[in-house]
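Numbering (full-length UniProt numbering), first residue to last: 1 to 692.
Here is the structure:
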């Protein structure tokens, strides 16, 4: 009969850990949290120093009963939930729910699910770290306060079922701000000039890029300037002014954190953040490897540390030396961790570097294999030598003007033998040794090309994760659920990897900015994260954070309730007649924005798309331009006569024609500009009073 009980979070770990520990241990799963704040109410007693009211989660009663039964029989109960704040809190809730005395609590953590790690953790059992528990409690309570106090206001103002969240509202604002930047962006014209140069002794011409003149760099702003330079260059003699040879060292990449794994998996494998986390969880919890049984093949997946355990560094050095050669073994490098990192964690790495992707390919699904291969290659590369390039920088004189040629060639591939970036290119290789200041050069051809500066790119899931991390908003465990939530709520639409704000998202963001500017303030949220980390470090009491936060939130909610009462939106009646019951249809908000609904609902279920006219005629056919949406909810402007007329614009057209070329113009922030970039006409927008 089992003397010891080990409680883990996930059922997937039970079998693996039971096999490591043997017959004296019973292993059971809590299946995540067993207690939480109630769904039906705020669940925080604001009159009793913000004491949380925890209840058993619905559906978890049987699990809890089974755990209690086993706990009574056991000599010791080991709480082996995940090694992070959330896991610490789950252990604390388990201890409370199972009525374990303080002396009977044995908290164990392991960063990887391997026999050695699990057995070592049993020997190093400790008490529950209340600082980590309080850090999770404070986050949970803050999130609950924001969600439960603000969401009803969004229901009253826009539609039922919407939600606001402490991190999700800031993420939405970041995407909205980027959208505004893109919409108000006015491109600048610039030109590049390339010369194809013959070098005596070389078979092929070499492309040299225009740099400037003998006094320094020149930016070419327009076609006239480019044409003038080209004409002068054609008449000039060419010569090699200088050749500089050198070496460039390409540093090894660091092993993955949660954020960098999500970014690279999106870039290289086209995985959504949620998919990456799901697959990584499977690799961490254990997969059945032929000949080895079920083992965890990567370390814990929620981490912002790039630290590597000494044993893993030593194992990697031995493996790399044997497989690639001693010159490929890297020196130990300092990763200079940021302050916020919980250094108990490691970077994400394979639990055993000798389990190369090729060896275990047949034991993994296609997507598991691709993610494991990415993690394995990145970790292995992080422990290897840097790559070394030979470089050559050539300056070519053409009269008073100067052209430049840069070239590089790999001298020692180092970590690149395992892990290559997409942008790994090597041009003009022949130039490295084939040119000197005595080389004879002549012009074969010279061309100018017009370009326009580009607006900032729309966020993708990967670039949003990067931005959230850089701003200090959210933590490794929150990135994927935050993005999933704003897409599921239809605040943001995902098309071809890019994230676009929907009309609904815009409406929610505008209310949040107006009524709760602090909640959606990037700096405030980042400072709050730092404060919450201080709770985890034992420097700040968690109730202190809540006491300072809640009164301001309460005041803002009450003020917003008063203001929103005065501007309560009634359904706007239109002149469109319901063809089923004859009533005038009204404008409603749905998951994808506005639509026409019959006011006779629920007797009449008739709905129609709402085509909002913007008061501008189509430049192609003269019919009205209307605001439309893609299937995913992204806004654009199109002709009401579609599909006969195919006019569409992402920017809002205006009625004024371009005085320079006669084309249509569009709004760009506080300016209006010709839709034809090559025309380039811009003027200030004249403000007109709008009914709010």
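The C-beta atom is built at its ideal place from N, Cα and C for all residues, glycine as well. Since the structure is predicted, the reported quantities are computational estimates derived from the model, not experimental observations.
By the CB criterion at 7 angstroms, residue 168 and residue 482 fall inside the cutoff. Comparing C-alpha distances from residue 130 to each of 371, 288, 542 and 327 shows the shortest one belongs to 542.
When Cβ pairs closer than 8 angstroms are counted between the two stretches, the segment 379 to 395 is seen to touch the segment 240 to 250, the count reaching three or more. For residue 599, the secondary structure class from DSSP, reduced to helix, strand or coil, is coil. For residue 630, there is no enclosing beta strand (DSSP E), as DSSP gives it neither H nor E.
In chain order, 169, 170, 173, 512 and 513 place their CB closer than 7 angstroms to the CB of residue 520, counting only its own chain and leaving out the 5 sequence neighbours on each side. Counting of Cβ neighbours within 10 angstroms places residue 451 among the exposed residues, the total staying below 16. By the beta-carbon neighbour count (other beta carbons within 10 angstroms, threshold 16), residue 648 is exposed. If you draw a straight line from the Cα of residue 657 to the Cα of residue 651, it comes to about 15 angstroms.
Rounded to whole angstroms, residue 531 and residue 545 show a C-alpha spacing of 8 angstroms.
Under the Cβ criterion (8 angstroms, minimum of three pairs), the segment 137 to 150 does not count as touching the segment 107 to 125.
When secondary structure is reduced to three states using DSSP, residue 295 falls in the strand class. Residue 79: member of the beta strand (DSSP E) spanning 76 to 79, first to last residue. For residue 29, the enclosing beta strand (DSSP E) covers residues 25 to 29.
In the DSSP assignment, residue 467 falls within the alpha helix (DSSP H) that extends over 461 to 471. Cβ contact annotation for residue 78 (same chain, cutoff 6 angstroms, sequence separation greater than five): 6, 106 and 108, in chain order.
Judged by their CB atoms, residue 641 and residue 621 are nearer to each other than the 7 angstroms cut-off.
A contact between stretches requires three or more CB pairs, one per stretch, nearer than 8 angstroms, and the segment 201 to 217 meets this requirement with the segment 400 to 415. Around the beta-carbon of residue 674, 16 or more other beta-carbon atoms lie within 10 Å, marking it buried. Rounded to the nearest whole angstrom, the C-alpha separation of residue 297 and residue 352 is 7 angstroms. In this chain, the alpha helix (DSSP H) harbouring residue 150 covers 130 to 157. At the C-beta level, residue 375 and residue 348 come within 7 angstroms of one another. Here the alpha carbon of residue 53 sits roughly 16 angstroms from the alpha carbon of residue 95.
Taking a C-beta distance under 7 angstroms as the contact criterion, residue 608 and residue 627 do not qualify as a contact pair. The Cβ atoms of residue 166 and residue 146 sit closer than 7 angstroms to each other. Of the candidates 230, 188, 373 and 244, 373 places its Cα closest to the Cα of residue 279.
Inter-residue distance for residue 45 and residue 51 is about 5 angstroms (C-alpha atoms, whole angstroms). Counting the other CB atoms within 10 Å of its CB gives residue 601 a total below 16, which places it among the exposed residues. Beta-bridge partners assigned by DSSP to residue 584: 577. Under the three-pair Cβ rule at 8 angstroms, the segment 216 to 223 does not count as touching the segment 358 to 369. Closest in alpha carbon position to residue 384, among 253, 578 and 40, is 253. Annotated three-state conformation of residue 554 is helix, per DSSP. At the C-beta level, residue 205 and residue 444 come within 7 angstroms of one another. Taken in chain order, the complete alpha helix (DSSP H) segments of 4 residues or longer contained in the segment 486 to 539 are 503 to 515 and 522 to 536. The count of Cβ pairs closer than 8 angstroms, one atom from the segment 177 to 194 and one from the segment 455 to 475, reaches three, so the stretches are in contact. Residue 481 carries a helical assignment under DSSP once its states are collapsed to helix, strand and coil.
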